[in-house]
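If you're matching them up, the sequences are chains A and W in order.
Heads up: the first sequence begins at 590 in our numbering, then just goes up one per residue.
Heads up: the second sequence begins at 590 in our numbering, then just goes up one per residue.
Here is the structure we will look at, set down as C-alpha cells.
Protein chains: 2
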Amino acid sequence: MTVLVDPWGSSLIEDYERLITEFGLELFSQSLFPEPNRIMRRGVVFAGKDLGIISECIKKKKPFYALSGIMPSGEKLHLGNKMVVEQLRYFQDHGAETYLLVADLESAAARGVTIEEARKRALDFHVPAYIALGLDPEKTKFYFQSENMDVIKIAFEASQKITLNEFRATYGSADPGRILSSITQIGDMLYPQLKKRMPGVIPVGIDQAPHLRLARDYIRRAKDKQYFLLSSIHHKFTPALNGDFKMSKSKPESCIELPEDIASIKRKIQKAKTGGRKTLEEHRRLGGVPEDDMVFELLKQHLIEDDAELMKIYTDYKSGKMTSGELKTLAIKAMTTFMTQFQKNLEKARKQVKSLHFLH
Amino acid sequence: MTVLVDPWGSSLIEDYERLITEFGLELFSQSLFPEPNRIMRRGVVFAGKDLGIISECIKKKKPFYALSGIMPSGEKLHLGNKMVVEQLRYFQDHGAETYLLVADLESAAARGVTIEEARKRALDFHVPAYIALGLDPEKTKFYFQSENMDVIKIAFEASQKITLNEFRATYGSADPGRILSSITQIGDMLYPQLKKRMPGVIPVGIDQAPHLRLARDYIRRAKDKQYFLLSSIHHKFTPALNGDFKMSKSKPESCIELPEDIASIKRKIQKAKTGGRKTLEEHRRLGGVPEDDMVFELLKQHLIEDDAELMKIYTDYKSGKMTSGELKTLAIKAMTTFMTQFQKNLEKARKQVKSLHFLH
C-alpha cells in the first residue's frame, strides 16, 4: 500500500485554511528560518504575518524582539501553552531580545482576578513554568504590566485611534474590561520599540490573531510614532484528546495539564480518540489513520523530537504494523519522561524566580 | 417699587432644577458648611451628593479629602474654571487633604494630546494657574496620572464591574478613549482612599455629574474594597457674556479667558448681554433686570466678595438708580484688578512650580 509522504498533515487543515483567509495571514514557510524547530518543521506553526522581516533580522543578525505574555488568571497551564514557549525560545536562540510580561492588569480588567492575586500566581507558578518549559531566564526581560507605566502610556495613546466598532468587529463584544485588556496588549507589544527601534515578532495561537490585527491597524495609523509593523507567527492548537479542535482546561478529561500526575496522564491517553481500526485483524489489513489519531498528534506536536523517529512511527502505524495500543504505550512513556522532567525543572525554576529581575 | 430680596437668584434656575432631577442630586444647603465661601453663599454652588458626610468631617475635624484634576489639553483656562479652585481652596482651608492631578493620560486617550505635550502644558500653565487662583501649593498633593500606577490599578479593577451599556447610558457614547478616560477618573477619585480610609468630596461643574454617578455605582458594587462613597458638590456654569448657558473657549467673544489682556476684556464686557432698558428714561423708570444681566452675573460669581456691597449694586441696578453702563464700568474695573493680580500670581507660581513635589 501507498503511505502518504507527508506525516505532518492533519485532518484539521480545512479549519486552519479558513482562519488564514479570515485573518488575512500568510502561509508559514519554514525555509525562511534557519534550524526550524520541531513545530515549525511539522506544520504546527502554519501561518504568520510579515515574517520575511524577522527572517532577515535573523539571517543578517539585525536586532529584533520576541514578546509574549502570561495571563495568570488560571492555576495551571496545559500542553498547548507549551508551544508559545518553544517559539519564544527559538527566537531567543536566534538573536531576539526576548520579553515575557505578566498580564496582571488584564487579569483584573478581563478576568476579575485582583492584581495582587495575579502577581502571586505568576510568581508561584506561571513564570517558573515558562522557564521549566525552556525559556532562558538569563536572556529574558520580565515585567509586570502593573509596574510598567510605558505600556500604559502607549495604550492610552492608542485608545484614541481605535473606534468602538473596530473592537466589536475584532472581538464580537466590547466590554470595558475587554477594551482595556486589548489596548494594554498593544502597549505591551510595542513597548520594546520605545527602548530600541526594531522589528518584533509575537508568537501566538491562532485565536490571538485579532489582537495582532488591531495592533497593526493602529501602527499604520500612528505614523508619527514610527513603530515598526509587528510580525506574528501562529501555531495550531494542540487538539483535545477526544478530537475536539482545541485542548482546554474547561474539559479536563481531554486535556493534559501542566503539571499533571502520571496516573492521570495514563488514564487520559488510554481514553484518547485514535485512528486505530475496530479489530486487530482490520488494523493489520487497513492500517491506522495517524491523521485522525490524537495520540499520534501528541507525539508529533510535543513528544518526539527526532523527525526520522516520528516518520518511522507514522509509517508503522499507517501500515498497520504498529497498533493503537502500542502507540499509546509509547506516548505514555514519552509523556511520563517529559512530565517528570517538567516537574523537576519547575522546582528548580521556582527557586530561580526568587532572584529574577523584573523591569520597572 | 418692590425689590426682590434674593439677589442670588438667576433666570437659569429652571435648567438647573432639571439637572438636579436628572442626576438625582440634592439641593445644596449652605447651612452644612461653616464660613461658606462666595459661591456657596450665592447659590452658584447649588447641588451635591452626600454632603452631610463632608459637613460632619469638617465640623468634627475628621479626615477627608478633596480632589480635582486638570485636563491640560487646552492652552488656557476661562473664568468658569476658577470656581473649582475656589471650592478646592474652601475644603483645603477646612481640613481636607487636597489632591490636584494632571490628567495627562486622559489628554492622550480622549483628546489626542500626547502625554509629553500634556505634561509640558500642565507645568507651563495649568498647575501655576491653579496656584495663582488660590490653591495653596504647600498644602496640596500633586500628581501626574502617567506617574501614578495606583490610579491605573484601581481603574483596571473597576473596568471589570462596569458594562458598556452603562458607559453609553452615562455619556451617550462609548468610544474607547472615552472609556479609558472615565475609568481613569474613577482611579483618581478613589486613589486617596488607598492611602487612608476616609470620605472624599469632588467639586465639579454640573456637566461632570455623570462621572460621579458612575464612580458611586462602582463603589457600591465593589463591596470587598470598602471604599467610602464619594460626595460631590456642584456649581453652576459661569454663563457666556451673550447669555448662553455656559462660558466656553469655543466662543471667545463671550468668554473671559485666563489670562486675557485688559483691552480685550473691556471690549467683551462692553458687548455683554445686559438687563438694562432701551433708553435711560425707561431704565430710570422701570429699573434694570439683574437676573438677566451677564455683567451683574460676573460681579456676583467672581468679582464682588462682599455681600453687602453686591446687595447695594443689585438694589441700585434693580431700582434704576444705576445704569447698565455704570455696571459695566464697575465690572471692567474689578476685572482689571482681578486679572492684573492673576497675571502677577501666575508669574510667581510658574517659579514655584519648578520646586513643586509631585507624588510618584
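Backbone N, C-alpha and C define an ideal beta-carbon position, used for all residues, glycine too.
With a beta-carbon spacing of about 7 Å, A/G864 and A/F885 fall inside the 8 Å limit used to define contacts. A/I659 is bridged by DSSP to A/V691. Ranked by Cα distance from A/H823, the options A/N626, A/G637 and A/Q619 are led by A/G637. Using a Cβ distance threshold of 7 Å, A/A920 and A/I858 count as a contacting pair.
Two segments are said to touch when three or more pairs of C-beta atoms, one from each, lie closer than 8 Å; by this definition the segment 672-690 of chain A touches the segment 653-663 of chain A. A/K889 and A/R631 do touch by the CB rule: their CB atoms are close to 6 Å apart, below 8 Å. Taking CB atoms only, A/A697 has a neighbour in chain W less than 7 Å away. Secondary structure of W/F731 (DSSP, three-state): strand. In the three-state scheme derived from DSSP, where H, G and I count as helix and E and B as strand, W/E936 is classed as helix.
Scanning W/K665, W/F622 and W/F617 for the CA closest to the CA of W/P848 turns up W/K665. For W/K937, the closest alpha carbon among the candidates W/E645, W/S696 and W/D713 is that of W/D713.
Contact of A/S748 with chain W by beta-carbon distance below 7 Å involves A698, P765, G766 and L769.
Following the DSSP letters along the chain, one finds W/S771 inside the alpha helix (DSSP H) bounded by residues P765 to K784.
Ranked by how close their Cα comes to the Cα of A/L689, the residues A/G761, A/P781, A/K933 and A/E705 have A/P781 in first place. By the C-beta density criterion, A/H949 is exposed, having fewer than 16 other C-beta atoms within 10 angstroms. Under the DSSP definition of a beta bridge, W/A636 partners with W/L616 and W/H823. One finds E746 in chain W with Cβ atoms closer than 8 Å to the Cβ of A/T703, taken in chain order. Distance from the CA of A/H800 to the CA of W/D693, rounded to the nearest whole angstrom, comes to 26 Å. Collapsing the DSSP output to three states places W/F622 in coil. Excluding five sequence positions before and after A/G876, the CB atoms of its chain that fall closer than 6 Å to its own CB belong to K907, S908 and G909, given in chain order. Using a 10 angstroms sphere on the CB of W/E695, the tally of other CB atoms reaches 16 or more, which defines it as buried.
Beta-bridge pairing by DSSP links A/G789 to A/Y654.
Using a CB distance below 9 Å, the part of the segment 731-742 of chain W facing chain A consists of Q734, S735, E736, N737, M738, I741 and K742, ordered along the chain. W/L712 sits in a helix when the DSSP states are folded into three classes. Taking 7 Å as the cut-off between beta carbons, the residues of the segment 749-763 of chain W near chain A are Q749, I751, T752, L753, F756 and A763, in sequence order. At a cut-off of 7 Å between C-beta atoms, A/L694 counts as an interface residue with respect to chain W.
A/E846 and A/H667 do touch by the CB rule: their CB atoms are close to 5 Å apart, below 8 Å. Put simply, the segment 796-814 of chain A touches the segment 768-784 of chain A. At least three CB pairs are less than 8 Å apart.
By alpha-carbon distance to W/S821, the top candidate from W/N737, W/R866, W/I795 and W/P717 is W/I795.
Here W/P623 is exposed. Its C-beta has fewer than 16 other C-beta atoms within 10 Å. Close partners of W/I659 in chain A (Cβ separation under 7 Å) are lacking, with about 16 Å as the shortest Cβ gap.
If you ignore the 5 residues before and after W/K648, its C-beta comes within less than 8 Å of the C-beta of P623, all in its own chain and listed in chain order. Assigned with DSSP and collapsed to three states, A/F947 falls in strand. Taken through DSSP and simplified to helix, strand or coil, W/G914 comes out as helix. Taking a cut-off of 8 Å on C-beta distances, the segment 703-721 of chain A does not touch the segment 753-763 of chain A, as fewer than three cross pairs fall below it.
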